[in-house]
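Following: one structure in structure tokens, then a few remarks.
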Amino acid sequence: MQKYSDADLLDAIQAGGSAREKAMEYVYKQHIGSVLSFVSSRNGTREEGKDIFQDAVIQLLISIQKGTFQGNSAISTYLFAISKNLWYRRFSKNVREDQYKTQMVPVRETSETPEMVLMEEDQQSKIGDLLNQLKPKCKEVLLLWGRKFAMKEIAAQLGYNNEQVVRNKKNHCLKELKEQVRVNPEVRKLIQEFL
Amino acid sequence: MAYSESTFEWIEAYLTNELSPEERAVFEEKIRTNPEFAEEVAVQRDAHSLVKVAATLDYKAELQRIDAEMESMQRQPFFRLMTVRIAAMLLVLFACVYAIVFFQYNNQQLFGEAFSPYPDKYMYRGEMPAADSLMKSGMEAYNQGEYSRAIPYFSQLVQTSEQPGASLYLGISFLSVDNPKAALPAFDLASLSPTWAETANWYRALALIQDGQDEAAKTVLEDISQQETNGYREQATELLGKLNSSWRKLPGM
Numbered sequence: 093m094q095k096y097s098d099a100d101l102l103d104a105i106q107a108g109g110s111a112r113e114k115a116m117e118y119v120y121k122q123h124i125g126s127v128l129s130f131v132s133s134r135n136g137t138r139e140e141g142k143d144i145f146q147d148a149v150i151q152l153l154i155s156i157q158k159g160t161f162q163g164n165s166a167i168s169t170y171l172f173a174i175s176k177n178l179w180y181r182r183f184s185k186n187v188r189e190d191q192y193k194t195q196m197v198p199v200r201e202t203s204e205t206p207e208m209v210l211m212e213e214d215q216q217s218k219i220g221d222l223l224n225q226l227k228p229k230c231k232e233v234l235l236l237w238g239r240k241f242a243m244k245e246i247a248a249q250l251g252y253n254n255e256q257v258v259r260n261k262k263n264h265c266l267k268e269l270k271e272q273v274r275v276n277p278e279v280r281k282l283i284q285e286f287l
Numbered sequence: 007m008a009y010s011e012s013t014f015e016w017i018e019a020y021l022t023n024e025l026s027p028e029e030r031a032v033f034e035e036k037i038r039t040n041p042e043f044a045e046e047v048a049v050q051r052d053a054h055s056l057v058k059v060a061a062t063l064d065y066k067a068e069l070q071r072i073d074a075e076m077e078s079m080q081r082q083p084f085f086r087l088m089t090v091r092i093a094a095m096l097l098v099l100f101a102c103v104y105a106i107v108f109f110q111y112n113n114q115q116l117f118g119e120a121f122s123p124y125p126d127k128y129m130y131r132g133e134m135p136a137a138d139s140l141m142k143s144g145m146e147a148y149n150q151g152e153y154s155r156a157i158p159y160f161s162q163l164v165q166t167s168e169q170p171g172a173s174l175y176l177g178i179s180f181l182s183v184d185n186p187k188a189a190l191p192a193f194d195l196a197s198l199s200p201t202w203a204e205t206a207n208w209y210r211a212l213a214l215i216q217d218g219q220d221e222a223a224k225t226v227l228e229d230i231s232q233q234e235t236n237g238y239r240e241q242a243t244e245l246l247g248k249l250n251s252s253w254r255k256l257p258g259m
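Those sequence lines, one after another, are chains A and B.
The opening residue of the first sequence carries number 93 in this note's numbering; numbering runs sequentially from there.
The opening residue of the second sequence carries number 7 in this note's numbering; numbering runs sequentially from there.
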């Protein structure tokens, strides 16, 4: 597996497409061990640790996309801090409120509290529901486009003839989604507040 | 107000930064002056944002896939390690068996085990006076193991006179210096003499083995092993058995 510096990771994640995919895989494999050890030392299960860390990686991705993480701290430090905060929030039910507050790790890169960072599950469902109104192929094309894959890569992955075919498909699917968004003001508000 | 396909594409070009600065200025002027159009752009922008958020959240499924792959690989190391160890042991075992078989059954080994220079019995045959200088010189060199020095004497004898004994020792000298091709004609000549035929045939078989002519060697050895009174019968039978061994079907034999 290719090795990355933090600067390389930031560049790859911002670039999107397959560069981002490889960078995300590297981040996951490099840093999950320390989080699993932390969770295990707190009598958490392996599955809890994985869930926490996966959300922490998503958080990193969101922070990079929003520009709130710019590499002033190490990615490993940032991920570990987010993971610890998520752990105390979600799974550490026996920790008293005052202990919880003192054990929260400040994440300097954002002024948001960890509670604000990730969408709650029901909010995620609302977004998912809108996309699920589209045909599966439309959802596939839009998600790959959303992950910043080039039209050429999307054509290759999904078996389309060429980039123009993908572009036309994407526009067609986006128009359909636009009509769904138009009639769902609640989801629009959710999206506007999140980004 | 329903907007056309071209308007959708115009808005799309704006949102994906594909408009020139001049085109962008025109577009933004329209947003400022046309609230309905501005709302249309906002809805399309929100659709973009929704896709972006959904794609980001979708990464969790990708991370779960990566994790499943890691778990699968982590389960395998023990079995992989055992497989590698067993494979390594089998390889070492095979190499040892092959080495043992190779050194027992390859042609050079078979020849080496079976061959020894025929002792100097020529002078007792009574066919030629032991005082013959060429023969004497040749046998002196032969008996000292200096086969290269013996060859010219025996060769001259073979060319200038009928000396089947000299032919035999010439062939054996050639075999001793690893020249089976030169030895074979000498043994052919020696086998014409009833006195030397039996010995010449045995050494002929050895020359054929040394030269890699297995089938021809087997023919000679089969012939010898079927002669009940042949002095080389037992040796020929044993050597034939090794030549016919299935171990010799291994590559490199």
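Beta carbons: idealized from backbone N, C-alpha and C, even for Gly.
Fair warning: this is a prediction, and the values are worked out from it, not measured in the lab.
Span of the alpha helix (DSSP H), counted from its first residue to its last, around residue i
i	result
Trp202 of chain B	No alpha helix (DSSP H) contains Trp202 of chain B, which DSSP labels as neither H nor E.
Phe241 of chain A	Counting along the chain, Phe241 of chain A falls outside any alpha helix (DSSP H), and DSSP gives it neither H nor E.
Met93 of chain A	Element bounds for Met93 of chain A: n/a, residue is neither H nor E.
Leu246 of chain B	Arg239 to Leu249
Phe172 of chain A	Ile167 to Arg182
Glu212 of chain A	Premise fails: Glu212 of chain A is in no alpha helix (DSSP H) and is neither H nor E.
Arg274 of chain A	Glu255 to Arg274
Asn149 of chain B	Ser139 to Asn149
Ser173 of chain B	Pro170 to Ser182
Gly141 of chain A	Arg138 to Lys158
Ser167 of chain B	That residue, Ser167 of chain B, is in no alpha helix (DSSP H); it is neither H nor E in DSSP.
Pro27 of chain B	Pro27 to Thr39
Pro123 of chain B	Run containing Pro123 of chain B: none; DSSP gives neither H nor E here.
Per-residue contacts from residue i into chain A (C-beta, under 9 Å)
i	result
Ile215 of chain B	Chain A residues near Ile215 of chain B: none, gap ~56 Å exceeds 9 Å.
Met76 of chain B	Tyr120, Lys121 and Ile124
Glu14 of chain B	Sequence inspection shows Phe at residue 14 of chain B; the Glu mentioned does not correspond to that position. What Phe14 of chain B touches in chain A: Asn263, Leu266, Lys267 and Lys270.
Sequence-distant residues of the same chain with beta carbon closer than 8 Å to residue i, five excluded per side
i	result
Leu116 of chain B	Ile215, Leu245, Lys248 and Leu249
Ser231 of chain B	Arg239, Ala242, Thr243 and Leu246
Leu282 of chain A	Met211, Gln215, Lys218 and Ile219
Met116 of chain A	Ile105, Val149 and Leu153
His54 of chain B	Leu21
Glu201 of chain A	In this prediction, Glu201 of chain A has a pLDDT of 47, which is less than 50 and means its spatial position is unreliable; what the coordinates show is noted afterwards. Excluding residues within five positions, the ones whose Cβ falls inside 8 Å are Ser155, Thr160, Phe161, Gln162, Asn164, Ser165 and Tyr170.
Val47 of chain B	Ile17, Tyr20, Leu21 and Ile37
Lys114 of chain A	Gln94 and Ala104
Glu204 of chain A	For Glu204 of chain A, the predicted model reports a pLDDT of 41, less than 50, meaning its position is unreliable and no value from the coordinates is stated.
Glu232 of chain A	Leu250
CB of residue i within 8 Å of CB of residue j, strictly
i	j	result
Ala206 of chain B	Phe193 of chain B	yes
Tyr148 of chain B	Asp126 of chain B	yes
Leu152 of chain A	Leu171 of chain A	yes
Val149 of chain A	Leu69 of chain B	yes
Leu102 of chain A	Ala61 of chain B	no
Met141 of chain B	Leu163 of chain B	yes
Tyr209 of chain B	Leu181 of chain B	yes
Ala247 of chain A	Val257 of chain A	yes
Asn113 of chain B	Gly218 of chain B	yes
Asp73 of chain B	Gln284 of chain A	no
Ile167 of chain A	Asp98 of chain A	yes
Lys229 of chain A	Gly109 of chain A	no
Contact list for residue i against chain B, beta-carbon separation under 7 Å
i	result
Lys142 of chain A	Asp73
Arg274 of chain A	Val49
Glu232 of chain A	Going along chain B, no residue has its Cβ under 7 Å from Glu232 of chain A, so there is no contact; the nearest lies around 11 Å.
Ile167 of chain A	Simply none; closest approach about 15 Å.
Val127 of chain A	Neighbours of Val127 of chain A on chain B: none; closest Cβ ~12 Å, over 7 Å.
Arg280 of chain A	Asp52
Proximal residues of chain B, C-beta to C-beta of residue i below 9 Å
i	result
Met93 of chain A	Simply none; closest approach about 11 Å.
Cutoff 6 Å; reference residue i; Cβ partners in own chain excluding five residues on either side
i	result
Ile92 of chain B	none
Leu190 of chain B	Ala213
Tyr153 of chain B	Ser179, Ser182 and Val183
Lys267 of chain A	none
Phe286 of chain A	none
Where residue i meets chain A, residues with beta-carbon distance less than 7 Å
i	result
Glu35 of chain B	Here the premise fails: no neighbours, minimum Cβ distance about 23 Å.
Cβ-based neighbour list, residue i, same chain, cut-off 7 Å, excluding 5 preceding and 5 following
i	result
Ala223 of chain B	Ala211, Leu214, Ile215 and Leu249
Trp202 of chain B	Pro170, Gly171, Leu174 and Ala196
Glu204 of chain B	Asn236, Gly237 and Tyr238
Ser126 of chain A	Phe172
Cross-chain neighbours of residue i in chain A, by beta carbon under 8 Å
i	result
Glu18 of chain B	Asn263 and Leu266
Where residue i meets chain B, residues with beta-carbon distance less than 8 Å
i	result
Leu287 of chain A	Ser55, Lys58 and Val59
Arg182 of chain A	Simply none; closest approach about 15 Å.
Gln146 of chain A	Lys66, Leu69, Gln70 and Asp73
Ile174 of chain A	By Cβ distance, chain B contributes nothing, its closest Cβ being about 14 Å from Ile174 of chain A, past 8 Å.
Gln284 of chain A	Asp52 and Ser55
Val131 of chain A	Residues of chain B passing the Cβ test: none, with the nearest at roughly 14 Å.
Leu178 of chain A	Per Cβ cutoff of 8 Å: no residues; Leu178 of chain A is ~13 Å from chain B at best.
At a Cβ cut of 7 Å, what residues of the region 239 to 270 of chain A count as close to chain B, listed as they run along the chain?
-> Taking a C-beta cut-off of 7 Å against chain B, the contacting residues of the region 239 to 270 of chain A are Arg239, Asn263, Leu266, Lys267, Leu269 and Lys270, listed in chain order.
Report the residues of the region 44 to 76 of chain B with a CB closer than 8 Å to any CB of chain A, ordered along the chain.
-> Result list: Val49, Gln50, Asp52, Ala53, His54, Ser55, Leu56, Val57, Lys58, Val59, Ala60, Ala61, Thr62, Leu63, Asp64, Tyr65, Lys66, Glu68, Leu69, Gln70, Ile72, Asp73 and Met76.
Closer than 9 Å, Cβ to any Cβ of chain B: which residues of the region 100 to 111 of chain A, in chain order?
-> Answer in chain order: no residues at all.
Would you list, in chain order, the members of the region 216 to 230 of chain A that have their beta-carbon closer than 9 Å to a beta-carbon of chain B?
-> Result list: Gln216, Ile219, Gly220, Leu222 and Leu223.
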